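Asks: Mapping the sequence shown onto full-length UniProt numbering, position 336 (from 1) lands on 336, and the numbers just tick up by one. Just so it is clear, CB atoms sit at the ideal spot from N, CA and C, and this is done for glycine as well. All values derive from a computational prediction rather than experimental measurement. The structure is given below, and queries will be raised subsequently.
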Amino acid sequence: MIGLVVSSADTASVTISDQLHELVEWESHRDAAGDEYEQYDDFEMRTIDEWHLEAENASELFSTTPQIIAFLSRHSGDTGPLLTTHFTGNFGPAEYGGEPGSFAQACPMIQQTLLEAFDRYAPSKYDVGIECTHHGPTTVGAPSLFVELGSSKAEWNDPDGAHAVAQAILELSGEDAPANVETDRTVVGFGGGHYAPRFERIIRETDWVVGHIGADWALDSMGAPAANRDIINHAVTASDADVALVADDRPELTKVISQADIRVVQERWLRETTGVSRPMVSALENALVPIASGLRLGTPATEYDPATSDEFVITDRHTDNDAVGTVHTKDSTDIDTGTNHNVDAERTESEDSHNIRDAIDRADADAVVLAFPTSLMETISGIDIETTNQVFSEHTLAFETTEGGTRPTGRMIVSDYLSVESITHALIDILKLKYDRVERTDETLRVRRQVFDPAKAATLDVPEGPAFGRLAAGESVTVAGRTIDPEAVHTTETVTFPVFSTSSSSSSSSSSSSSSSSSSS
Numbered sequence: 001m002i003g004l005v006v007s008s009a010d011t012a013s014v015t016i017s018d019q020l021h022e023l024v025e026w027e028s029h030r031d032a033a034g035d036e037y038e039q040y041d042d043f044e045m046r047t048i049d050e051w052h053l054e055a056e057n058a059s060e061l062f063s064t065t066p067q068i069i070a071f072l073s074r075h076s077g078d079t080g081p082l083l084t085t086h087f088t089g090n091f092g093p094a095e096y097g098g099e100p101g102s103f104a105q106a107c108p109m110i111q112q113t114l115l116e117a118f119d120r121y122a123p124s125k126y127d128v129g130i131e132c133t134h135h136g137p138t139t140v141g142a143p144s145l146f147v148e149l150g151s152s153k154a155e156w157n158d159p160d161g162a163h164a165v166a167q168a169i170l171e172l173s174g175e176d177a178p179a180n181v182e183t184d185r186t187v188v189g190f191g192g193g194h195y196a197p198r199f200e201r202i203i204r205e206t207d208w209v210v211g212h213i214g215a216d217w218a219l220d221s222m223g224a225p226a227a228n229r230d231i232i233n234h235a236v237t238a239s240d241a242d243v244a245l246v247a248d249d250r251p252e253l254t255k256v257i258s259q260a261d262i263r264v265v266q267e268r269w270l271r272e273t274t275g276v277s278r279p280m281v282s283a284l285e286n287a288l289v290p291i292a293s294g295l296r297l298g299t300p301a302t303e304y305d306p307a308t309s310d311e312f313v314i315t316d317r318h319t320d321n322d323a324v325g326t327v328h329t330k331d332s333t334d335i336d337t338g339t340n341h342n343v344d345a346e347r348t349e350s351e352d353s354h355n356i357r358d359a360i361d362r363a364d365a366d367a368v369v370l371a372f373p374t375s376l377m378e379t380i381s382g383i384d385i386e387t388t389n390q391v392f393s394e395h396t397l398a399f400e401t402t403e404g405g406t407r408p409t410g411r412m413i414v415s416d417y418l419s420v421e422s423i424t425h426a427l428i429d430i431l432k433l434k435y436d437r438v439e440r441t442d443e444t445l446r447v448r449r450q451v452f453d454p455a456k457a458a459t460l461d462v463p464e465g466p467a468f469g470r471l472a473a474g475e476s477v478t479v480a481g482r483t484i485d486p487e488a489v490h491t492t493e494t495v496t497f498p499v500f501s502t503s504s505s506s507s508s509s510s511s512s513s514s515s516s517s518s519s520s521s
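If you want it as structure tokens, here you go:
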């Protein structure tokens with residue numbers, strides 16, 4: 001049952017009640033004490049004479065203890081027309097009802113539902129939002145929140161605004177009612193302004209809900225965190241949360257929260273974990289790095305829902321796979337002598353076999369940690385960083401990044417060799433944007449391109465300056481009456497990167513290749 005508390009002392013409360021009666025038909029009843037109340041569907045509505053913030057033990061008003069209680073209330077302030085909702089409690093002194101340092105039990109799923117309904121039903125002149133935790137009552141007897149119409153007498157008497165609030169309230173009932181939904185994705189908030197824009201953004205843009213919020217002014221009224229651990233812990237437990245977001249730089253508060261075994265996270269963590277089960281998040285972070293250190297979760301991670309992190313086994317397939325070689329082969333013909341110049345260079349190739357199919361088959365695990373060569377990742381990221389991130393996001397369970405989460409390092413977690421193949425093919429496509437030719441054997445990627453060779457140009461008496469630039473751009477130049485074509489001063493650069501083999505050990509060892517040709521630059 002959902003309990004609704006109307007205050008006859010509150011104009012907005014009465015206006016909202018009137019609209020609830022306009023929308024649906026309520027049945028009148030009297031309890032054993034002779035007090036009148038009304039029922040509709042899963043709702044029971046009680047009217048009190050005092051102000052809501054003085055209504056302690058409100059659960060005792062009802063015929064049975066409600067699952068949740070919504071106080072239908074006015075909102076006062078200089079905020080213009082506003083529909084808002086918030087939880088009640090006091091981080092500091094109890095100046096407006098309730099007890100100091102005490103909190104009513106929050107109902108974050110209800111708040112999320114109301115906020116979404118406000119968006120649908122609010123008249124165009126109204127803003128919608130949430131507020132931080134403030135005022136009483138703090139002893140309610142059931143999870144509760146205030147549902148408010150504001151912010152002046154004009155809005156308190158506005159049937160259109162009240163109608164929107166009433167419509168939102170009625171959405172709390174039904175087979176999929178939020179009161180019947182359990183969640184392990186509640187965050188308690190600390191810091192920020194009274195109207196909590198960061199926490200509203202989290203509710204709107206992630207699958208996390210938000211419990212109690214201690215705004216800056218409320219935390220200042222509380223005092224030193226170390227001296228008020230019980231208050232902080234009470235806010236956490238009254239939110240039924242095990243994760244906290246500290247919106248500002250408050251190291252002492254962060255330390256106190258962490259010491260209570262509450263994980264302090266950043267907004268990035270909440271966004272990154274959206275759609276991924278908590279046990280899966282733990283398994284991926286434990287296997288690679290924490291999200292705060294650059295882990296990014298891929299789309300495939302949303303497809304798994306282990307009961308615990310231990311049920312999803314990830315093994316680390318360590319490979320020394322960063323051997324890379326570069327060959328510069330000067331195969332142009334001297335325009336005067338016709339001599340073919342060939343300059344040998346040392347090339348290093350990986351001698352290790354990185355057979356990912358066999359590795360996954362033998363791993364006795366749900367996924368493996370692998371790494372593409374750092375040199376390959378630097379090259380790929382330098383060509384198209386946006387597509388590189390997209391590739392890893394689409395085909396890995398998780399991948400490591402640097403530079404604020406913008407550059408994949410190549411370390412990743414995958415659950416099957418086909419994912420590695422898909423990534424490799426996508427990286428080949430990116431390489432083709434820069435290189436004239438890309439060849440793949442079972443364990444290497446070999447890329448070639450024509451590059452301008454200043455030393456070669458100097459041997460042909462080409463002066464540094466504009467002539468160098470024109471040759472590098474693929475144009476011919478004339479020096480001392482001689483025409484020098486760009487091919488004469490370009491070198492074939494060959495780079496070899498080791499990659500994972502996906503051929504089964506029982507299959508043939510024939511190689512495959514992928515190549516692309518374009519005009520030399």
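How big is the Cα-Cα spacing for Asp18 and Val6?
Replies: Their backbone Cα atoms lie some 10 angstroms apart in a straight line.
Asks: Quick one: residues in its chain with C-beta nearer than 7 angstroms to the C-beta of Pro159, no 5 flanking neighbours on either side, listed in chain order?
Replies: The residues are Thr15, Gln19.
Asks: Do Phe497 and Ser393 come within 8 angstroms of each other at the CB atom, strictly closer than that value?
Replies: Cβ distance not < 8 angstroms, so Ser393 and Phe497 don't count as in contact.
Asks: According to the neighbour-count rule (16 or more other Cβ atoms, all chains shown, within 10 Å of its Cβ), is Ser476 buried or exposed?
Replies: Ser476 should be labelled exposed.
Asks: By a C-beta neighbour count over all protein chains shown, 10 Å radius and 16 as the cutoff for buried, is Leu431 buried or exposed?
Replies: So Leu431 ends up on the buried side.
Asks: Which of the three DSSP states is assigned to residue 522 in this structure?
Replies: The structure shown does not extend to residue 522, since the chain spans only 1 to 521, so no value can be given for it.
Asks: Start and end of the beta strand (DSSP E) containing Pro251?
Replies: Unbroken run through Pro251 is the alpha helix (DSSP H), 251-259; no beta strand (DSSP E).
Asks: Measure the beta-carbon distance from Ala371 to Arg411 and round it to whole angstroms, keeping in mind my assumption that it falls under 8 angstroms.
Replies: 5 angstroms between Cβ atoms; contact.
Asks: Which parts of the segment 414-456 are runs of the beta strand (DSSP E), unbroken and 3 residues or longer, counting only runs that do not cross its ends?
Replies: The qualifying runs are 437-440, 444-452.
Asks: Return the chain-ordered list of same chain residues with a C-beta closer than 6 angstroms to the C-beta of Gly101, the five sequence neighbours on each side being excluded.
Replies: Taken in chain order, the residues that qualify are Ile231.
Asks: Using the C-alpha atoms, what's the distance from Leu149 back to Thr84?
Replies: Near 7 angstroms, if we compare the C-alpha coordinates of Leu149 and Thr84.
Asks: Drop a sphere of 10 angstroms on the beta-carbon of Gly3, count the other beta-carbons inside from all chains shown, and report buried for 16 or more, exposed for fewer.
Replies: The residue is buried, with at least 16 neighbouring Cβ atoms inside 10 Å.
Asks: Under DSSP, the alpha helix (DSSP H) around Ile291 begins and ends at which residues?
Replies: Segment: none, Ile291 is in no alpha helix (DSSP H) and carries neither H nor E.
Asks: Can you check DSSP and say which residues form a bridge with Ile48?
Replies: Paired residue(s): Ser7.
Asks: Mapping the DSSP letters down to three states, classify Leu172 as helix, strand or coil.
Replies: Here Leu172 sits in coil by DSSP.
Asks: Give the DSSP-derived three-state secondary structure of Leu460 in the structure shown.
Replies: Here Leu460 sits in coil by DSSP.
Asks: Starting from the Cα of Glu205, find the closest Cα among Thr273, Ile169, Val462, Glu182 and give me that residue.
Replies: With distances taken between Cα atoms, Glu205 lies closest to Thr273.
Asks: So what does DSSP say about Val187, is it helix, strand or coil?
Replies: Reduced to three states, the DSSP call for Val187 is strand.
Asks: Could you tell me the distance, in whole angstroms, from the CA atom of Val391 to the CA atom of Thr409?
Replies: Spanning the two alpha carbons is a distance of roughly 13 angstroms.
Asks: What residues in its chain sit with their C-beta under 6 angstroms from that of Ser144, if we drop five residues either side in the sequence?
Replies: So the list reads Ile69, Ala104, once near-sequence residues are dropped.
Asks: What do you get for Ala235, buried or exposed, if any count of 16 or more other CB atoms within 10 angstroms of its CB means buried?
Replies: Ala235 should be labelled buried.
Asks: DSSP state of Asp331, grouped into three classes?
Replies: Low confidence applies to Asp331: its pLDDT is 36, below 50, so where it sits in the model is not reliable, and the reading given next is rough at best. The answer is coil: DSSP assigns Asp331 none of H, G, I, E or B.
Asks: With a threshold of 7 angstroms (Cβ to nearest heavy atom), would Pro108 be considered close to the ligand FMN?
Replies: Only the bare structure without any ligand can be found here, which leaves the ligand FMN out of the picture.
Asks: For Ile484 and Val462, which I take to be in contact (beta-carbon distance under 8 angstroms), what is that distance rounded to the nearest angstrom?
Replies: Going by Cβ atoms, the distance from Ile484 to Val462 rounds to 6 angstroms, so yes, they are a contact pair.
Asks: Excluding the 5 residues flanking Tyr96 on each side, which residues of the same chain have their C-beta closer than 7 angstroms to its C-beta?
Replies: Here the set comprises Leu53, His135, Gly136.
Asks: Over what stretch of residues does the alpha helix (DSSP H) that includes Leu61 continue unbroken?
Replies: It is not in any alpha helix (DSSP H) - Leu61 carries neither H nor E in the DSSP assignment.
Asks: Would DSSP call Asp119 helix, strand or coil?
Replies: Reduced to three states, the DSSP call for Asp119 is helix.
Asks: Could you work out which residue in Pro251, Trp51, Phe91 is closest to Cys132 when comparing CA atoms only?
Replies: Closest option to Cys132, Cα to Cα, is Phe91.
Asks: So, is Val24 buried or exposed, given that buried needs 16 or more other C-beta atoms within 10 angstroms?
Replies: With fewer than 16 Cβ atoms within 10 Å of its Cβ, Val24 is classed as exposed.
Asks: What is the rounded straight-line gap between the Cα of Asp41 and the Cα of Ala164?
Replies: For Asp41 and Ala164, the distance between alpha carbons rounds to 19 angstroms.
Asks: Determine the burial state of Val447: buried for a count of at least 16 other Cβ atoms within 10 Å of its Cβ, exposed for fewer.
Replies: Buried is the call here.
Asks: Per DSSP, Ile2 is paired with what?
Replies: Answer by DSSP bridge pairing, in chain order: Phe43, Ile68.
Asks: So, His194 versus Trp217, is the Cβ gap smaller than 8 angstroms?
Replies: Yes, Cβ-Cβ distance for His194 and Trp217 is below 8 angstroms.
Asks: Using DSSP with H/G/I as helix, E/B as strand and the rest coil, what is Leu397?
Replies: The answer is coil: DSSP assigns Leu397 none of H, G, I, E or B.
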